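Visitor: Mapping of the first sequence onto this note's numbering: residues 2 to 560, in sequence order.
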Amino acid sequence: MGVTMAELDDGRLERLSGMLKRRGILLPAFEIHGGAKGLYDFGPVGGRLRNRVNQAWLNHWLALGNIVEISSPTVTPYAVLEASGHVGEFSDFMTVCEACGEASRADVLLEPSHPNPDALALNELQQLLNTVQPSCPACGEVQWSEITAQNLMFNTTIGAGSSGRPGFLRPETAQGMFTSYPALYRHNRERLPFGAVQIGKGYRNEISPRQGMIRLREFNMAELEYFINPFEEPEHDFSQWTEPVILIADGGEELQMSLNDAVSKNIIRHPTVGYFMGQTYDFLNNIGIDTGRLRFRQHEADEMAHYAKDCWDVEIHGSYGWIECVGIAHRGCYDLEAHEKATGKSLRARREFDEPKVVEIDGWTTDGAKAGPVFRALAGAVKTAVESLSSDAHFPQVLQLESGESVTVEAEHVKRVQRTETLTGEWFIPHVVEPAFGIDRIIWHLLDHAYDEAGKEGEDYTIMRLSENVAPVDYCVFPLFEKDGMGELAKQVHSQLCAKNGIVSMYDSSGSIGRRYARADEIGVPRCITVDHQSLEDKTVTVRSRDSGIQHRVAIDDL
RNA sequence: GCGGAUAUGGUGUAGUGGUAACAUAGGAGGUUUCCAACCUCUUGUCGUGGGUUCGACUCCCGCUAUCCGCACCA
Numbered sequence: 002m003g004v005t006m007a008e009l010d011d012g013r014l015e016r017l018s019g020m021l022k023r024r025g026i027l028l029p030a031f032e033i034h035g036g037a038k039g040l041y042d043f044g045p046v047g048g049r050l051r052n053r054v055n056q057a058w059l060n061h062w063l064a065l066g067n068i069v070e071i072s073s074p075t076v077t078p079y080a081v082l083e084a085s086g087h088v089g090e091f092s093d094f095m096t097v098c099e100a101c102g103e104a105s106r107a108d109v110l111l112e113p114s115h116p117n118p119d120a121l122a123l124n125e126l127q128q129l130l131n132t133v134q135p136s137c138p139a140c141g142e143v144q145w146s147e148i149t150a151q152n153l154m155f156n157t158t159i160g161a162g163s164s165g166r167p168g169f170l171r172p173e174t175a176q177g178m179f180t181s182y183p184a185l186y187r188h189n190r191e192r193l194p195f196g197a198v199q200i201g202k203g204y205r206n207e208i209s210p211r212q213g214m215i216r217l218r219e220f221n222m223a224e225l226e227y228f229i230n231p232f233e234e235p236e237h238d239f240s241q242w243t244e245p246v247i248l249i250a251d252g253g254e255e256l257q258m259s260l261n262d263a264v265s266k267n268i269i270r271h272p273t274v275g276y277f278m279g280q281t282y283d284f285l286n287n288i289g290i291d292t293g294r295l296r297f298r299q300h301e302a303d304e305m306a307h308y309a310k311d312c313w314d315v316e317i318h319g320s321y322g323w324i325e326c327v328g329i330a331h332r333g334c335y336d337l338e339a340h341e342k343a344t345g346k347s348l349r350a351r352r353e354f355d356e357p358k359v360v361e362i363d364g365w366t367t368d369g370a371k372a373g374p375v376f377r378a379l380a381g382a383v384k385t386a387v388e389s390l391s392s393d394a395h396f397p398q399v400l401q402l403e404s405g406e407s408v409t410v411e412a413e414h415v416k417r418v419q420r421t422e423t424l425t426g427e428w429f430i431p432h433v434v435e436p437a438f439g440i441d442r443i444i445w446h447l448l449d450h451a452y453d454e455a456g457k458e459g460e461d462y463t464i465m466r467l468s469e470n471v472a473p474v475d476y477c478v479f480p481l482f483e484k485d486g487m488g489e490l491a492k493q494v495h496s497q498l499c500a501k502n503g504i505v506s507m508y509d510s511s512g513s514i515g516r517r518y519a520r521a522d523e524i525g526v527p528r529c530i531t532v533d534h535q536s537l538e539d540k541t542v543t544v545r546s547r548d549s550g551i552q553h554r555v556a557i558d559d560l
């Protein structure tokens with residue numbers, strides 16, 4: 002990078018943004034009320050584009066055969082996001098310099114004095130701040146206020162009055178897939194692997210949204226949670242990904258290597274992660290991302306969340322430089338385990354052992370009839386303590402319970418347990434590989450890559466070279482002139498097309514024919530249909546393709 | 001959040017202490033036998049709140065938004 006946008010694009014970004022606004026693709030939201038930072042409208046053309054991208058995404062994953070689609074609420078109870086770690090993780094710990102009023106992040110101030118202050122809890126940070134006494138980066142004084150947590154999630158209250166419970170707008174869609182795990186597992190006949198996808202809105206109350214569509218406060222995301230059995234070696238066919246792609250591995254150097262090779266050389270550390278990298282590459286290619294401006298970047302070990310095993314971002318190059326648009330992470334069992342711990346509900350899958358395991362149980366347990374009346378409320382804790390003893394323990398014995406109390410256990414309170422158990426399998430927490438897509442960022446780059454203002458015969462001319470798979474309008478229908486019945490016939494063709502499932506057609510009769518082609522090109526309509534004099538005689542029309550300008554004559558009935 | 005700049009029809013811009021202009025786009029009509037042509041008519045603008053003033057789009061202050069840099073950013 003290092004090249005500023007102005008040098009790079011010569012005003013292209015401004016012209017593109019202006020066009021997107023003028024043509025109803027992307028517009029600042031609520032503009033008549035003064036606008037709102039980090040919030041955008043998809044306009045009459047953009048709304049359709051977004052839907053097409055979402056649909057293409059959905060179809061891409063559903064085609065794998067073991068993926069289901071769900072939809073969960075955006076309003077999320079406090080407890081869910083506390084369990085997932087977001088209440089802690091999505092907070093910035095702020096402290097204010099009482100000398101100059103400058104607010105700083107406590108963990109950033111303490112970075113020189115601690116290997117990973119980001120991981121500390123509030124009270125630990127406060128302690129460290131008191132000990133270290135860092136000086137204010139703005140004024141040099143050392144007068145810090147109490148640390149406060151600044152949460153990046155939107156707060157809300159679910160319910161009214163005293164019955165209202167605290168909640169948040171979700172910062173990601175993923176938690177819905179994790180909290181729905183029992184239903185997903187049952188639906189999939191209790192067999193791994195399987196996946197669940199969800200497309201929806203996420204919310205982050207960014208301190209400073211910037212760069213248009215790149216950092217939003219409300220954004221469209223699409224996530225896949227793929228649940229796998231960590232005891233099984235995954236089998237994926239990488240034979241379709243032998244073309245070299247750009248990889249920036251952990252070490253920092255840029256490699257040109259196929260995904261196939263990267264997996265076999267263990268640069269991509271988990272085959273399922275590699276498989277989804279390949280699938281993601283194909284998806285982005287299919288919807289029209291210029292794959293020459295796409296690269297995979299591996300998270301460094303210290304950048305990765307502590308539970309993640311391997312994590313790759315897909316970065317796409319556009320007017321804002323290289324932007325992270327997709328993250329593909331191996332999250333281990335972190336999420337399901339977290340919800341399991343918080344709720345006490347089992348979020349597991351069953352696997353049968355190749356051979357049953359025979360377990361010799363040789364130890365002690367309490368004799369309920371004797372120990373119960375003696376230890377009363379402590380009986381449960383005593384039982385746990387006794388069962389942790391080895392087979393050669395002797396009684397009477399003084400045991401320290403977890404609660405700190407000591408009890409004397411007599412020989413009559415316990416009995417010997419000696420038996421053999423055969424275990425045919427076990428319950429385990431599945432691991433998760435999560436490809437997470439920022440739809441808005443992807444749409445931005447689709448537009449950015451498709452926007453071609455190369456000109457035509459020396460004149461300024463812009464074409465939006467969107468893929469047919471996502472183009473918001475499929476056809477424009479023009480009467481060459483709106484007379485002699487050409488207008489009526491064109492309208493007829495137009496409504497005939499609109500009536501077809503999934504087809505969007507626009508009718509345009511204003512301005513010269515060239516102007517209408519230009520308007521259609523600007524929003525990326527792949528094909529324009531023109532009704533001319535000949536159409537009136539033989540019921541054929543010309544179909545002109547956007548990228549080549551070539552026209553074919555086609556019978557109306559064959560459209 | 002800090003610093004700097006900016007805010008005029010849909011879009012891009014000009015301009016002034018006496019209620020605004022140009023281009024382009026849009027609409028109607030005409031013309032035109034396929035790539036932003038032409039002619040006529042026409043719609044539409046000073047981000048927002050306050051102050052100074054006889055009078056503010058213009059000067060001052062606040063707010064909001066946008067852009068750039070810093071900081072922040074699974």
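Idealized CB from N, CA, C, for every residue including glycine.
Since this is a predicted model, take the numbers as computed values, not measurements.
Whose C-alpha, out of G405, T367 and E356, is nearest the C-alpha of S389?
Guide: Sequence index remark: in the first sequence, residue 389 carries index 388 (1-based). Residue T367 is the option with its Cα nearest to S389.
Visitor: Are Y182 and H340 touching if we call contact CB-CB under 9 Å?
Guide: The count along the first sequence starts at 1 and reaches residue 182 at position 181. The count along the first sequence starts at 1 and reaches residue 340 at position 339. Yes.
Visitor: To the nearest angstrom, report how far apart T463 and E207 are at their CA atoms.
Guide: Numbered from its first residue, the first sequence carries residue 463 at position 462. Numbered from its first residue, the first sequence carries residue 207 at position 206. The straight-line gap from Cα to Cα measures roughly 34 Å.
Visitor: Need the endpoints of the beta strand (DSSP E) that R166 sits in, please.
Guide: Looking up residue 166 in the first sequence gives position 165. Element bounds for R166: R166 to L170.
Visitor: Here's a check: name, in chain order, each residue in its chain whose Cβ is nearer than 8 Å to the Cβ of K540, leaving out the five neighbours to either side.
Guide: Along the first sequence, read from residue 1 onward, the residue named residue 540 stands at position 539. If we look at K540 and ignore the five residues flanking it on each side, its Cβ neighbours are A556, I557 and D558.
Visitor: Indicate whether I249 and Q176 have their beta-carbon atoms separated by less than 9 Å.
Guide: Within the first sequence, residue 249 is the residue found at index 248, counting from 1. Within the first sequence, residue 176 is the residue found at index 175, counting from 1. No, these two residues do not count as a Cβ contact at 9 Å.
Visitor: Which two residues bound the contiguous alpha helix (DSSP H) that contains R517?
Guide: Taking the first sequence and counting its residues from 1, the one referred to as residue 517 is at position 516. Per DSSP, R517 belongs to the alpha helix (DSSP H) from I514 to E523.
Visitor: What residue ranges within the stretch 274-301 form continuous beta strand (DSSP E) runs of no fewer than 3 residues, ordered along the chain?
Guide: Counting only runs of 3 or more, we get 295-299.
Visitor: For K358, which of helix, strand or coil comes out of DSSP?
Guide: Here residue 358 corresponds to residue number 357 of the first sequence, with the count starting at 1. In this structure, K358 counts as strand in the three-state DSSP scheme.
Visitor: Is the number of C-beta pairs between the stretch 434-441 and the stretch 316-332 that are closer than 8 Å three or more?
Guide: Taking 8 Å as the limit for Cβ pairs, the verdict is that the stretch 316-332 does touch the stretch 434-441.
Visitor: Three Cβ pairs or more, each shorter than 8 Å: is that satisfied between the stretch 412-420 and the stretch 354-367?
Guide: A contact exists between the stretch 412-420 and the stretch 354-367.
Visitor: Could you spell out where the beta strand (DSSP E) holding P436 opens and where it closes?
Guide: Position 435 of the first sequence holds residue 436. Here the beta strand (DSSP E) through P436 covers H432 to G439.
Visitor: Taking R166 as the reference, give the member of A382, Y476 and V76 with the closest Cα.
Guide: Within the first sequence, numbered from 1, the residue matching residue 166 stands at position 165. Taking only the C-alpha atoms, the option nearest R166 is V76.
Visitor: Which residues bound the alpha helix (DSSP H) around V375?
Guide: As a working note, residue 375 is residue 374 in the first sequence. Element bounds for V375: G369 to F376.
Visitor: Specify, as a first and last residue, the run of the alpha helix (DSSP H) that F232 falls within.
Guide: Here residue 232 is taken as the residue at index 231 of the first sequence, counted from 1. No alpha helix (DSSP H) holds F232; DSSP gives it neither H nor E.
Visitor: Using a Cβ distance threshold of 8 Å, determine whether the stretch 346-358 contacts the stretch 306-323, with at least three qualifying pairs required.
Guide: Because the criterion of three Cβ pairs below 8 Å is not met, the stretch 346-358 and the stretch 306-323 do not touch.
Visitor: In the DSSP output, which residue or residues are listed as bridge partners for L28?
Guide: Locating residue 28 in the first sequence gives position 27, counting from the first residue. According to DSSP, L28 bridges with D42.
Visitor: Under 8 Å by Cβ, that's how I've got S259 and T281 pegged, so tell me the actual separation to the nearest angstrom.
Guide: Position 258 of the first sequence, counted from the first residue, corresponds to residue 259. Position 280 of the first sequence, counted from the first residue, corresponds to residue 281. Not a contact, Cβ separation roughly 15 Å.
Visitor: Let's see if you can read the secondary structure: which residues bound the beta strand (DSSP E) around T157?
Guide: By one-based count along the first sequence, residue 157 stands at place 156. Run containing T157: N156 to I159, per the beta strand (DSSP E) assignment.
Visitor: Under the three-state reduction of DSSP, which class applies to Y182: helix, strand or coil?
Guide: Here the question's residue 182 lines up with position 181 in the first sequence. The answer is helix: DSSP assigns Y182 an H, G or I state.
Visitor: Report yes or no: do the stretch 396-411 and the stretch 232-246 share at least 3 C-beta pairs separated by less than 8 Å?
Guide: These segments do not touch.
Visitor: Please state the DSSP three-state secondary structure of S18.
Guide: Residue numbering aside, residue 18 sits at position 17 when the first sequence is read from its first letter. S18 falls in the helix class under three-state DSSP.
Visitor: Is V315 helix, strand or coil when you go by DSSP?
Guide: Position 314 of the first sequence, counting from 1, holds the residue named residue 315. Strand.
Visitor: Whose CA, out of V360, V198, K202 and N55, lies closest to the CA of P74?
Guide: The residue you call residue 74 lines up with position 73 of the first sequence. Here the closest residue by C-alpha is K202.
Visitor: For R218, does the three-state DSSP call read helix, strand or coil?
Guide: On the first sequence, position 217 is the one that residue 218 refers to. Coil.
Visitor: To the nearest angstrom, report how far apart V471 and T273 are at their CA atoms.
Guide: Position 470 of the first sequence, counting from 1, holds the residue named residue 471. Position 272 of the first sequence, counting from 1, holds the residue named residue 273. Approximately 28 Å between the Cα atoms of the pair.
Visitor: Measuring alpha carbon to alpha carbon, tell me which residue in M154, A309 and V418 is nearest V88.
Guide: Start at 1 with the first residue of the first sequence, and residue 88 comes out as number 87. V88 has its Cα closest to that of M154, out of M154, A309 and V418.
Visitor: Determine the burial state of T174: buried for a count of at least 16 other Cβ atoms within 10 Å of its Cβ, exposed for fewer.
Guide: As a position in the first sequence, residue 174 is number 173, starting the count at 1. Buried: at least 16 other Cβ atoms inside 10 Å.
Visitor: Please classify N156 as buried or exposed, where buried requires at least 16 neighbouring CB atoms within 10 angstroms.
Guide: In the first sequence, the residue the question calls residue 156 occupies position 155. Exposed.
Visitor: Hey, would you say S546 sits closer than 9 Å to R528, going by beta carbons?
Guide: Position 545 of the first sequence, counting from 1, holds the residue named residue 546. Position 527 of the first sequence, counting from 1, holds the residue named residue 528. Yes, the Cβ-Cβ distance between S546 and R528 is below 9 Å.
Visitor: Let me confirm a value: Q134 is counted as buried when at least 16 other C-beta atoms fall within 10 Å, else exposed. Which label applies?
Guide: Locating residue 134 in the first sequence gives position 133, counting from the first residue. With fewer than 16 Cβ atoms within 10 Å of its Cβ, Q134 is classed as exposed.
Visitor: For N286, which residues of its own chain have a beta-carbon under 7 Å away from its beta-carbon, when the five flanking residues on both sides are left out?
Guide: As a working mapping, residue 286 is identified with position 285 in the first sequence. The residues are T292.
Visitor: Roughly how many angstroms separate the alpha carbons of S163 and S85, rounded to a whole number?
Guide: Here the question's residue 163 lines up with position 162 in the first sequence. Here the question's residue 85 lines up with position 84 in the first sequence. Roughly 26 Å between the two C-alpha positions.
Visitor: L467 to L110, Cα distance in whole Å?
Guide: Mapped onto the first sequence, residue 467 falls at position 466. Mapped onto the first sequence, residue 110 falls at position 109. Computed Cα separation, rounded: 46 Å.
Visitor: For G615 and T344, what's the separation of their Cα atoms in angstroms?
Guide: In the structure as shown, the chain starts at 2 and stops at 560, and residue 615 therefore has no counterpart that could be examined.
Visitor: Output the distance between the C-alpha atoms of V69 and R205, rounded to the nearest integer angstrom.
Guide: Along the first sequence, one-based indexing puts residue 69 at 68. Along the first sequence, one-based indexing puts residue 205 at 204. Their backbone Cα atoms lie some 26 Å apart in a straight line.
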